[in-house]
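A.B. asks: Let me give you the structure first, and then I'll get to my questions.
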Amino acid sequence: MFVTIWKCLEKYDRLYVSKQKFDDKGSLYESSNTDSGFLSGEITEESPDSVADPMIVTSGVCLTEDFSKISISDEKQSLNNLDAPKQKPPVARSKQTVDEVLWKIYFEQDEDGDTYLHMAIADGFPEVALALIRIAPHPRLLDTPNDFAQTPLHLAVETGQWRIARWLRVAGARPCPRDKHGDSPLHLAARMDDAASIRALTEAVTKEEREMLALGYDIPAYQPCCYDQWNYLGQTCLHVAVAQESLTSARLLLERGCNPNARDGFSGMSPLHYAAHLQKPIMAELLLKGGANREAESYAGLSALEEAARAGQLSQEVKRVLLAAGVPLEIAQSDDDEEMDEDDDDVADQLAFDSNKVFNAPLVNASA
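Take 1 as the starting number for the sequence shown in the UniProt record's numbering and just add one per residue.
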C-alpha cells in the first residue's frame, strides 16, 4: 500500500516540475494540426479588411441604400464582419491543482477514522509520513483524530518515533490533544520513560527547523505544552512519570518547568505523595530537590508521609528521606491507626497505582 503512496508522491513531484516547464514553454495542448503549406500549397497572405470598411448587405432583397450600409461595430472592431477571427466565449473552469487532489485523497479518513498519515506512522514509514506532512495545506489536518481519539502525534509518541513527533510539532500540530483515556502525547512519553519524545514535544521550534521542513503554508505561533493538564484519571504528566517510576522522564519534566506540587483530581495527592506511596526514596529525593512542597496535603488533609502510613505503604527508607526533609508525620503510631478498614481498601484500589491495570494501555489502537 505504502509503496503505491510513495510512487504517487514521487509522481506529484514530477508533475509539479513538469507544470513549471510547460508554463515557460507554452500550452501543453497547443494544436498540432496547423497547416504548414506542405500539402495544401503555398499560403498566400491576404490583407484583412479594414475594420473601418462597411459591410454591405447584398441579399437580393429590395432594401434601401441606407439600410444596406448598416455596420454594427464597437470601439475596437466591427461586430458583423464575417471575415474577422472568431471569438470564443469565455468558459468558466474550476482549476484543481495537483496539490488539492492529493491532500484530499491522503487526508480522507477510513472506517476507523485513520488517514494515510496515521497509517504511515503506525506502520513505521517515516519518509511517507514526512511527505504527507509537507503536502498538508493547513496544520489543522495534522490534528485529525481517529475513532480512538488518537492524533498522528499520539501515534508518533506511542510507537517511539520521536523524529516524526518533532516534525509534527514544527509543522504546527497541537501539543496537547487528548486520546480516549484523556492522555496527551506528553502523558504517553512520560509513561514510556521516553526522554527523546519529551524533548521533541517540549523544545521550542527554531526558524531553521521551519525552513528545513519546507512547508507550503505559514506556520502558526508556537504552542507550548500544558504540563498541568489532567488525563481522565486526574493525573498530570509528572504524576504519570512518578507512578510509572520513570525517573529520567520525571527529572526532564521538572527541568522543563513541570509543577512538582500539582495535585491529582482524584485524591488531591501531589507527585511526592505518589513517591511515598510507591516506596521510592530516590524519586522522593528528586521531587524534593525539584521544589516539591514538604507540607503539601491531599484532599484528606494528609501529608505524603501520613498518606503512605495510613495506606500501610510507608517504607523505613522513604520515611527517613521524608522526615529528614521536614515532611510532617502526625499520625499516631497505634495498631488501630495503621490498619485499614474495608472502605480504605476500596479507596486504595481506586488510587490508580496498579500500573498493569491503569497505565499499560495498548500503544497502537489504530488498525492500519
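Cβ atoms here follow ideal geometry from the backbone N, Cα and C, with glycine treated the same way.
On a Cα-Cα basis, can you pick out the residue from Y227, L233, V318, F148 that is closest to S249?
C.D. replies: Y227
A.B. asks: Between the alpha carbons of D183 and T115, how many angstroms are there, rounded?
C.D. replies: When the Cα atoms are used, D183 and T115 turn out to be separated by approximately 21 angstroms.
A.B. asks: Taking M269 as the reference, which of L252, V242, K289 has the closest Cα?
C.D. replies: V242
A.B. asks: Under three-state DSSP, which class holds K280?
C.D. replies: coil
A.B. asks: Helix, strand or coil, according to DSSP, for A156 in the structure here?
C.D. replies: helix
A.B. asks: Buried or exposed for L305, going by 16 or more other Cβ atoms inside 10 Å?
C.D. replies: buried
A.B. asks: So is Q150 buried or exposed if we call it buried at 16+ other beta carbons inside 10 Å?
C.D. replies: buried
A.B. asks: Going straight from the alpha carbon of K289 to that of M283, what length do you get?
C.D. replies: 10 angstroms
A.B. asks: Can you tell me the Cβ-Cβ gap for T236 and Q229, rounded? I've got them flagged as a contact below 8 angstroms.
C.D. replies: The pair is a contact, with the Cβ atoms about 7 angstroms apart (cut-off 8 angstroms).
A.B. asks: Near R210, what residues of its chain come up, given a Cβ to Cβ distance below 7 angstroms and the 5 sequence neighbours on each side ignored?
C.D. replies: Excluding residues within five positions, the ones whose Cβ falls inside 7 angstroms are V170, I219.
A.B. asks: Do the stretch 140 to 155 and the stretch 172 to 187 touch if we need at least three Cβ pairs shorter than 8 angstroms?
C.D. replies: They touch, by the three-pair rule.
A.B. asks: Would DSSP call H138 helix, strand or coil?
C.D. replies: Look at H138 here: in three-state DSSP terms it is coil, with no helix or strand label.
A.B. asks: By Cβ distance, which residues of its chain are closer than 7 angstroms to R263, with the 5 residues on each side in sequence left out?
C.D. replies: Result list for R263: M269, S270, in chain order.
A.B. asks: Among A308, D147, R199, which has the Cα closest to the Cα of L278?
C.D. replies: A308
A.B. asks: From the DSSP output, in three-state form, read off H118 for me.
C.D. replies: helix
A.B. asks: Have a look at residue 378 and V327 and give me their C-alpha separation to the nearest angstrom.
C.D. replies: The shown model of the chain, from 1 to 368, leaves out residue 378, and the question about it has no answer.
A.B. asks: For a quick check, are the C-beta atoms of L272 and A292 less than 7 angstroms apart?
C.D. replies: yes
A.B. asks: State yes or no: is the C-beta of S267 within less than 7 angstroms of the C-beta of S315?
C.D. replies: no
A.B. asks: Thinking A129 and A120 are a contact (beta carbons under 8 angstroms), I'd like their distance in whole angstroms, please.
C.D. replies: 4 angstroms
A.B. asks: Taking 7 angstroms as the threshold (C-beta atoms), are Y106 and L132 in contact?
C.D. replies: yes
A.B. asks: Using three-state DSSP, classify S315 as helix, strand or coil.
C.D. replies: coil
A.B. asks: Assuming P175 and Q109 form a contact by the criterion Cβ under 8 angstroms, report the distance between their Cβ atoms to the nearest whole angstrom.
C.D. replies: Not quite, the Cβ-Cβ distance comes to about 22 angstroms (not below 8 angstroms), so this is no contact.
A.B. asks: Per DSSP, what kind of secondary structure is V327 in: helix, strand or coil?
C.D. replies: coil
A.B. asks: Would H118 and N146 be called neighbours here (beta carbons separated by less than 7 angstroms)?
C.D. replies: yes
A.B. asks: Near L302, what residues of its chain come up, given a Cβ to Cβ distance below 7 angstroms and the 5 sequence neighbours on each side ignored?
C.D. replies: R310
A.B. asks: Should E208 be labelled buried (16 or more other beta-carbon atoms within 10 Å of its own) or exposed?
C.D. replies: exposed
A.B. asks: Can you give the Cα-Cα distance for W103 and R134, rounded to whole angstroms?
C.D. replies: 10 angstroms
A.B. asks: According to DSSP, is W162 part of a helix, a strand, or is it coil?
C.D. replies: Note: W162 maps to helix in three-state DSSP.
A.B. asks: Suppose you measure from the CA of R251 to the CA of Y217; what does that come to, to the nearest Å?
C.D. replies: 36 angstroms
A.B. asks: Taking the alpha helix (DSSP H) that L186 belongs to, which residues open and close that run?
C.D. replies: 185 to 191
A.B. asks: Quick check: what's the CA-CA separation for G160 versus V101?
C.D. replies: Cα to Cα, G160 sits roughly 31 angstroms from V101.
A.B. asks: Since A275 and L287 should fall inside the 8 angstroms C-beta cutoff, what is the C-beta to C-beta distance between them, to a whole number of angstroms?
C.D. replies: 6 angstroms
A.B. asks: If we count the other Cβ atoms within 10 Å of its Cβ and call it buried at 16 or more, is A324 buried or exposed?
C.D. replies: exposed
A.B. asks: Specify, as a first and last residue, the run of the alpha helix (DSSP H) that residue 373 falls within.
C.D. replies: Outside the modelled stretch of the chain, which goes from 1 to 368, sits residue 373, for which no answer is possible.
A.B. asks: Helix, strand or coil, according to DSSP, for K180 in the structure here?
C.D. replies: coil
A.B. asks: Which residue wins for smallest C-alpha separation from L213, given the options K319, A190, R166, R294?
C.D. replies: R166
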